[in-house]
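A.B. asks: Quick one: this structure, given as structure tokens, is what I'll be asking you about.
Protein chains: 2
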Amino acid sequence: MKEIPLNKKYFIPGFKFSAIPAGIKKRSKKPDLSIIYSEKPSTVAGVFTTNKIKAAPVKLDIKRIKSNKGQAIIINSGNANACTGEKGFIDAEEITTLTANELNISKELVYVSSTGIIGRPLPMAKIRKAIPEAVNNLSPYSLEKVANAIMTTDTFPKILIRKINIGGKTGTIAGIAKGSGMISPNMATMLSYIVTDIYISTNALKHALTNAARTSFNRLVVDNDMSTNDTLMIMANGMLGNKSITLQSPQYKVFENALNGLSRELAKMIAIDGEGATKFIEIIVTGAKKEADAEKIARAIATSMLVKTAIYGNDPNWGRIIAAIGYAGVEIAENKISIFINNCQIVINGVSNPKARTSRSLFADKEITITVDLRLGNKSADFFTCDLTEKYIKINAEYST
Amino acid sequence: MKEIPLNKKYFIPGFKFSAIPAGIKKRSKKPDLSIIYSEKPSTVAGVFTTNKIKAAPVKLDIKRIKSNKGQAIIINSGNANACTGEKGFIDAEEITTLTANELNISKELVYVSSTGIIGRPLPMAKIRKAIPEAVNNLSPYSLEKVANAIMTTDTFPKILIRKINIGGKTGTIAGIAKGSGMISPNMATMLSYIVTDIYISTNALKHALTNAARTSFNRLVVDNDMSTNDTLMIMANGMLGNKSITLQSPQYKVFENALNGLSRELAKMIAIDGEGATKFIEIIVTGAKKEADAEKIARAIATSMLVKTAIYGNDPNWGRIIAAIGYAGVEIAENKISIFINNCQIVINGVSNPKARTSRSLFADKEITITVDLRLGNKSADFFTCDLTEKYIKINAEYST
Numbered sequence: 403m404k405e406i407p408l409n410k411k412y413f414i415p416g417f418k419f420s421a422i423p424a425g426i427k428k429r430s431k432k433p434d435l436s437i438i439y440s441e442k443p444s445t446v447a448g449v450f451t452t453n454k455i456k457a458a459p460v461k462l463d464i465k466r467i468k469s470n471k472g473q474a475i476i477i478n479s480g481n482a483n484a485c486t487g488e489k490g491f492i493d494a495e496e497i498t499t500l501t502a503n504e505l506n507i508s509k510e511l512v513y514v515s516s517t518g519i520i521g522r523p524l525p526m527a528k529i530r531k532a533i534p535e536a537v538n539n540l541s542p543y544s545l546e547k548v549a550n551a552i553m554t555t556d557t558f559p560k561i562l563i564r565k566i567n568i569g570g571k572t573g574t575i576a577g578i579a580k581g582s583g584m585i586s587p588n589m590a591t592m593l594s595y596i597v598t599d600i601y602i603s604t605n606a607l608k609h610a611l612t613n614a615a616r617t618s619f620n621r622l623v624v625d626n627d628m629s630t631n632d633t634l635m636i637m638a639n640g641m642l643g644n645k646s647i648t649l650q651s652p653q654y655k656v657f658e659n660a661l662n663g664l665s666r667e668l669a670k671m672i673a674i675d676g677e678g679a680t681k682f683i684e685i686i687v688t689g690a691k692k693e694a695d696a697e698k699i700a701r702a703i704a705t706s707m708l709v710k711t712a713i714y715g716n717d718p719n720w721g722r723i724i725a726a727i728g729y730a731g732v733e734i735a736e737n738k739i740s741i742f743i744n745n746c747q748i749v750i751n752g753v754s755n756p757k758a759r760t761s762r763s764l765f766a767d768k769e770i771t772i773t774v775d776l777r778l779g780n781k782s783a784d785f786f787t788c789d790l791t792e793k794y795i796k797i798n799a800e801y802s803t
Numbered sequence: 403m404k405e406i407p408l409n410k411k412y413f414i415p416g417f418k419f420s421a422i423p424a425g426i427k428k429r430s431k432k433p434d435l436s437i438i439y440s441e442k443p444s445t446v447a448g449v450f451t452t453n454k455i456k457a458a459p460v461k462l463d464i465k466r467i468k469s470n471k472g473q474a475i476i477i478n479s480g481n482a483n484a485c486t487g488e489k490g491f492i493d494a495e496e497i498t499t500l501t502a503n504e505l506n507i508s509k510e511l512v513y514v515s516s517t518g519i520i521g522r523p524l525p526m527a528k529i530r531k532a533i534p535e536a537v538n539n540l541s542p543y544s545l546e547k548v549a550n551a552i553m554t555t556d557t558f559p560k561i562l563i564r565k566i567n568i569g570g571k572t573g574t575i576a577g578i579a580k581g582s583g584m585i586s587p588n589m590a591t592m593l594s595y596i597v598t599d600i601y602i603s604t605n606a607l608k609h610a611l612t613n614a615a616r617t618s619f620n621r622l623v624v625d626n627d628m629s630t631n632d633t634l635m636i637m638a639n640g641m642l643g644n645k646s647i648t649l650q651s652p653q654y655k656v657f658e659n660a661l662n663g664l665s666r667e668l669a670k671m672i673a674i675d676g677e678g679a680t681k682f683i684e685i686i687v688t689g690a691k692k693e694a695d696a697e698k699i700a701r702a703i704a705t706s707m708l709v710k711t712a713i714y715g716n717d718p719n720w721g722r723i724i725a726a727i728g729y730a731g732v733e734i735a736e737n738k739i740s741i742f743i744n745n746c747q748i749v750i751n752g753v754s755n756p757k758a759r760t761s762r763s764l765f766a767d768k769e770i771t772i773t774v775d776l777r778l779g780n781k782s783a784d785f786f787t788c789d790l791t792e793k794y795i796k797i798n799a800e801y802s803t
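For the record, the sequence lines run as chains A and B.
Using the working numbering, read the first sequence as starting at 403 and increasing by one per residue.
Using the working numbering, read the second sequence as starting at 403 and increasing by one per residue.
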């Protein structure tokens with residue numbers, strides 16, 4: 403097993419990280435228990451799955467985050483602690499209590515996430531034993547280890563860091579994410595944690611995070627399955643010492659743009675790493691009357707198994723794209739529709755463009771952009787996805803047993 | 403190529419059928435042009451795709467069926483005549499006119515269906531040439547030939563015949579269907595034609611067909627892609643000479659039940675023949691407050707790629723089923739949910755049933771029934787689907803080119 407070295411590139415003032423193997427993933431000795439810790443209590447915001455079946459840790463986090471305060475997040479992979487009844491909730495609470503005790507902070511400041519198989523009780527004996535070691539291992543240079551330890555079927559860790567100028571000071575925003583299957587609009591078995599040393603008000607942080615999620619993780623689909631465990635959290639510890647950013651501050655837009663950009667890049671990484679994917683696909687719908695219409699159509703194309711298999715097969719079968727446009731539930735004018743694959747216009751006024759090359763080479767790139775122009779208005783939306791391959795089937799036919 | 407013999411088993415008084423190769427399917431000499439003809443003008447009813455992008459023949463049929471009268475349907479496979487602009491509509495009209503002329507009936511009594519690739523003009527020269535031959539070949543014993551000729555990626559023809567007693571006389575209902583991909587709730591590249599010699603009023607026929615579609619073809623999913631060409635039509639020529647069935651007749655329920663049963667069997671055949679499928683899956687949701695709730699949940703499970711790949715892999719990963727229940731958009735009580743695979747209860751009160759065998763053998767049957775009991779009310783709904791396999795990907799990565 404390759405040990406992830408400490409990496410000074412991913413340093414965010416006041417934050418420490420650790421990831422150790424606790425034996426939750428039975429058949430591997432990979433790290434599966436991680437902690438994200440801030441030296442100071444931080445302002446936190448979160449977005450969680452809208453699935454009516456919520457995992458125990460998600461239920462606990464939703465309760466705790468009402469305070470908008472937090473100092474640590476403990477995350478396990480290998481077991482989702484979902485559909486585990488009352489015991490699951492008690493287990494989640496105990497994990498936060500043990501972590502809080504080791505860190506010598508209030509348990510109300512500790513959050514917990516789980517990802518993995520649904521319906522099995524957590525191996526609490528192993529977790530109880532591992533928490534002190536996880537706390538002992540905290541280091542300012544271990545974010546990359548956490549990005550690795552939260553992976554399930556991911557093939558690469560997703561980690562990014564950005565520096566931005568806030569009133570003459572250089573603030574840092576760093577983010578990690580995991581997810582490659584059960585990925586659907588409104589999040590998925592997607593976990594993402596963003597940390598920053600920038601000082602920002604509760605309202606401004608919440609607003610920025612909701613906005614970032616809307617145009618990144620909520621515009622992402624691998625399959626169409628929404629998870630019970632989706633979690634996106636941000637912790638802002640204010641160690642930069644800038645004047646607090648409020649919704650009215652001139653710096654707010656700078657922060658929001660940086661957070662949007664980082665979230666979109668993380669979402670794109672998840673699509674690139676979609677289970678079995680060979681291609682990244684961006685769907686852009688323009689010329690809609692409403693952004694919601696553009697989003698519905700982009701989502702219908704992004705979730706179409708026939709579009710995704712056609713792209714996998716390098717097959718310029720645009721009929722599948724226009725069929726998806728038609729069933730998205732949005733009023734359209736068939737004879738106004740244009741469709742572009744990358745820069746090639748294959749459909750003009752709803753029919754085949756006679757001048758287009760519709761050869762297989764059109765879909766041969768590793769990154770495909772499908773642009774649909776409805777010519778009904780000036781609103782637009784985009785969506786990230788990937789192709790659908792035999793390997794997706796293989797991975798998911800074999801996952802749990 | 404295997405020639406389909408005349409088959410006296412599928413005889414419906416007053417109906418004739420033909421299917422010939424017209425060269426529309428370029429690389430094969432298989433029959434691809436079919437006619438269904440009634441000696442007498444019939445009462446007709448139809449249900450068509452709700453896709454906003456409708457193929458030209460569907461647009462024409464929707465216009466004509468307002469009369470509730472018809473005498474012939476001409477069907478081609480190999481080309482969908484969808485997204486073909488004004489010319490597509492002119493072509494569809496010309497096909498009905500040429501057919502009407504050969505049959506010596508009004509063109510207003512002729513309907514047309516197309517299935518196949520989207521966005522390419524019909525090869526009209528070939529079709530013009532073939533229509534007289536198709537009319538010359540009409541025979542009372544060729545329904546099975548039509549069931550074969552309308553196939554695209556289907557691996558077997560779907561054909562059924564039922565006899566029912568209507569006021570002491572034995573009436574006949576026969577149906578054929580095609581479809582194995584682009585199959586989604588509210589129909590799909592699904593074509594189905596039902597013919598009967600029973601005399602029935604326009605209103606009763608419409609009512610019975612709508613009702614039958616609701617609990618058969620509209621409860622069927624292979625992938626999630628709704629086609630531009632879906633068509634379900636019924637022709638009733640009244641040759642049985644029974645007293646006309648109206649909505650008030652005691653015979654109405656007999657007719658409706660027979661039509662429901664036949665439609666459900668055809669829908670089931672489509673699921674069994676789903677592209678690349680190795681297993682037929684029926685999802686039954688009971689204990690819902692409203693039938694619409696039960697249907698939403700059944701649909702969410704039936705369209706879940708993760709559930710379908712798990713069943714393919716014989717993997718009793720019920721977490722994927724409960725996750726789909728949770729994102730169906732229906733209020734549920736997690737701690738009341740029961741889930742059964744065939745007769746084995748794997749989930750009790752929302753958690754794993756400790757007494758259940760959750761071995762791979764649970765999913766090893768060729769026909770799997772997933773039953774979900776919500777314990778919130780007494781409404782139920784079911785859904786037909788199939789597993790998702792590497793072969794589906796292979797078929798659809800290679801289909802058009």
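Built from N, CA and C at the ideal position, the CB exists for glycine as well.
Since the structure is predicted, the reported quantities are computational estimates derived from the model, not experimental observations.
Which residues, in chain order, does the stretch 469-489 of chain A contribute to contact with chain B at a C-beta distance below 9 Å?
C.D. replies: 482, 484, 485, 486, 487, 488, 489: these are the residues of the stretch 469-489 of chain A whose beta carbon lies less than 9 Å from some beta carbon of chain B, given in chain order.
A.B. asks: Given a cut-off of 8 Å, decide if residue 543 (chain B) and residue 409 (chain B) are closer than it, judged by their beta-carbon atoms.
C.D. replies: With contacts defined as CB atoms closer than 8 Å, residue 409 (chain B) and residue 543 (chain B) qualify as a contacting pair.
A.B. asks: Do the CB positions of residue 460 (chain B) and residue 611 (chain B) come within less than 8 Å of each other?
C.D. replies: Not a contact, by the Cβ cut-off of 8 Å.
A.B. asks: From residue 771 (chain B) to residue 419 (chain A), what does the alpha carbon distance come to, in whole angstroms?
C.D. replies: Distance between the alpha carbons of residue 771 (chain B) and residue 419 (chain A) is about 46 Å.
A.B. asks: Quick check on this structure: which residue in A:548, A:444, A:485, A:717 has the alpha carbon closest to the alpha carbon of residue 512 (chain A)?
C.D. replies: A:444
A.B. asks: Taking 8 Å as the CB-CB limit, is residue 600 (chain A) close to chain B?
C.D. replies: no
A.B. asks: With a cut-off of 8 Å, does the C-beta of residue 753 (chain A) fall near any C-beta of chain B?
C.D. replies: Yes, residue 753 (chain A) counts as interfacial toward chain B.
A.B. asks: Are the C-beta of residue 629 (chain A) and some C-beta of chain B separated by less than 8 Å?
C.D. replies: At least one beta carbon of chain B lies nearer than 8 Å to the beta carbon of residue 629 (chain A).
A.B. asks: Using the DSSP secondary-structure output, state which residues sit across from residue 778 (chain B) in a beta bridge.
C.D. replies: For residue 778 (chain B), which the question treats as bridged, DSSP gives no partner whatsoever.
A.B. asks: Does DSSP put residue 406 (chain A) in a helix, a strand or coil?
C.D. replies: Residue 406 (chain A) sits in coil when the DSSP states are folded into three classes, being neither helix nor strand.
A.B. asks: To the nearest angstrom, report how far apart residue 605 (chain B) and residue 426 (chain B) are at their CA atoms.
C.D. replies: Spanning the two alpha carbons is a distance of roughly 37 Å.
A.B. asks: Specify the secondary structure class of residue 474 (chain B) as computed by DSSP and reduced to three states.
C.D. replies: strand
A.B. asks: Can you list the residues of chain A that residue 800 (chain B) reaches, using a CB-CB cut of under 8 Å?
C.D. replies: 715, 717
A.B. asks: What ranges does the beta strand (DSSP E) occupy inside the stretch 596-665 of chain A, keeping only unbroken runs of at least 3 residues that lie completely in it?
C.D. replies: 633-638
A.B. asks: Per DSSP, what kind of secondary structure is residue 501 (chain B) in: helix, strand or coil?
C.D. replies: helix
A.B. asks: Whole angstroms is fine: what's the gap from residue 698 (chain A)'s alpha carbon to residue 776 (chain A)'s?
C.D. replies: It is roughly 13 Å from the alpha-carbon of residue 698 (chain A) to the alpha-carbon of residue 776 (chain A).
A.B. asks: Distance, Cα to Cα, residue 647 (chain A) vs residue 433 (chain A)?
C.D. replies: Cα to Cα, the separation comes out at about 36 Å.
A.B. asks: Could you list which residues in chain B have their beta carbon closer than 7 Å to that of residue 711 (chain A), in chain order?
C.D. replies: 795, 798, 799
A.B. asks: For residue 590 (chain B), does the three-state DSSP call read helix, strand or coil?
C.D. replies: Confidence at residue 590 (chain B) is low in this model, with a pLDDT of 43, below 50, so its placement is unreliable and no value can be given for it.
A.B. asks: By the three-class DSSP mapping on this structure, what secondary structure does residue 709 (chain B) have?
C.D. replies: helix
A.B. asks: Evaluate residue 536 (chain A) with the Cβ neighbour count: other Cβ atoms within 10 Å of its Cβ, from every protein chain shown; 16 or more gives buried, anything less gives exposed.
C.D. replies: buried
A.B. asks: When you compare the CB of residue 455 (chain B) with every CB in chain A, is at least one pair closer than 8 Å?
C.D. replies: yes
A.B. asks: If we call anything under 8 Å between Cβ atoms a contact, is residue 436 (chain B) one with residue 548 (chain B)?
C.D. replies: yes
A.B. asks: Is any beta-carbon of chain B found at less than 8 Å from that of residue 568 (chain A)?
C.D. replies: no
A.B. asks: So the beta strand (DSSP E) residue 690 (chain A) belongs to, where does it begin and stop?
C.D. replies: 682-690
A.B. asks: Report the neighbours of residue 734 (chain B) on chain A: residues whose CB is nearer than 7 Å to its CB, in chain order.
C.D. replies: 454
A.B. asks: Compare the C-beta of residue 520 (chain A) with all C-beta atoms of chain B and state if any pair is closer than 8 Å.
C.D. replies: yes
A.B. asks: Using 8 Å as the threshold, is the C-beta distance between residue 578 (chain A) and residue 545 (chain A) below it?
C.D. replies: yes
A.B. asks: At 3 residues or longer, what runs of the beta strand (DSSP E) sit wholly inside the stretch 446-490 of chain A?
C.D. replies: 471-481
A.B. asks: Could you spell out where the alpha helix (DSSP H) holding residue 536 (chain A) opens and where it closes?
C.D. replies: 526-538
A.B. asks: Across the stretch 776-788 of chain B and the stretch 680-699 of chain B, are there enough close Cβ pairs to call them in contact, namely three or more that are closer than 8 Å?
C.D. replies: yes
A.B. asks: Using 8 Å as the limit for Cβ to Cβ distance, is residue 724 (chain A) near chain B?
C.D. replies: yes
A.B. asks: At 7 Å on the CB atoms, spell out the chain A contacts of residue 728 (chain B), in chain order.
C.D. replies: Within chain A, the residues whose beta carbon sits less than 7 Å from that of residue 728 (chain B) are 453, 454, 455, 630, listed in sequence order.
A.B. asks: Give every residue of the same chain whose Cβ lies closer than 6 Å to the Cβ of residue 580 (chain B), excluding the five residues on either side of it in the sequence, and list them in chain order.
C.D. replies: 552, 553, 556, 593
A.B. asks: Verify whether the separation of the beta carbon atoms of residue 452 (chain A) and residue 725 (chain B) is less than 8 Å.
C.D. replies: Not a contact, by the Cβ cut-off of 8 Å.
A.B. asks: Residues of chain A with CB under 8 Å from residue 792 (chain B), in chain order?
C.D. replies: Those within 8 Å of residue 792 (chain B) in chain A are 792, 795, 796.
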